[in-house]
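See below for the structure under consideration.
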Amino acid sequence: MLLISIHVSRLSTLLPYSNETFSKIFCIPVIEHMELSIMYRTFCECARVLQKDGLFIITCHVPPLLPD
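Under my numbering, the first residue of the sequence shown carries the number -18, and numbering increases by one thereafter.
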């Protein structure tokens, strides 16, 4: 059975998980909408709850680069 936990946070407090809880964290597409200070706090908090050999998967929407 596949179990998925989704938590939405404004990062005004720490995530409600112990250190090294997750083997994978997905951040799908939200990073490009954050201010730098919030992005930094997000990365620090994800690093705290991610296992040492875990994966932090990030996607970002960027405009296509078209030739002039």
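For glycine and all other residues, C-beta sits at the position ideal for the given N, C-alpha and C.
Can you check whether the CB of residue j is closer than 8 angstroms to the CB of residue i?
{"i": "residue -2", "j": "residue 30", "result": "yes"}
{"i": "residue 7", "j": "residue 35", "result": "no"}
{"i": "residue 5", "j": "residue 38", "result": "yes"}
{"i": "residue 16", "j": "residue -4", "result": "no"}
{"i": "residue 19", "j": "residue 41", "result": "no"}
For residue i, which residues does DSSP report across the bridge?
{"i": "residue 31", "result": "3"}
{"i": "residue 17", "result": "Residue 17 is not bridged to any residue."}
{"i": "residue 36", "result": "5"}
Classify residue i as helix, strand or coil using the three-state DSSP reduction.
{"i": "residue 12", "result": "helix"}
{"i": "residue -6", "result": "coil"}
{"i": "residue 25", "result": "helix"}
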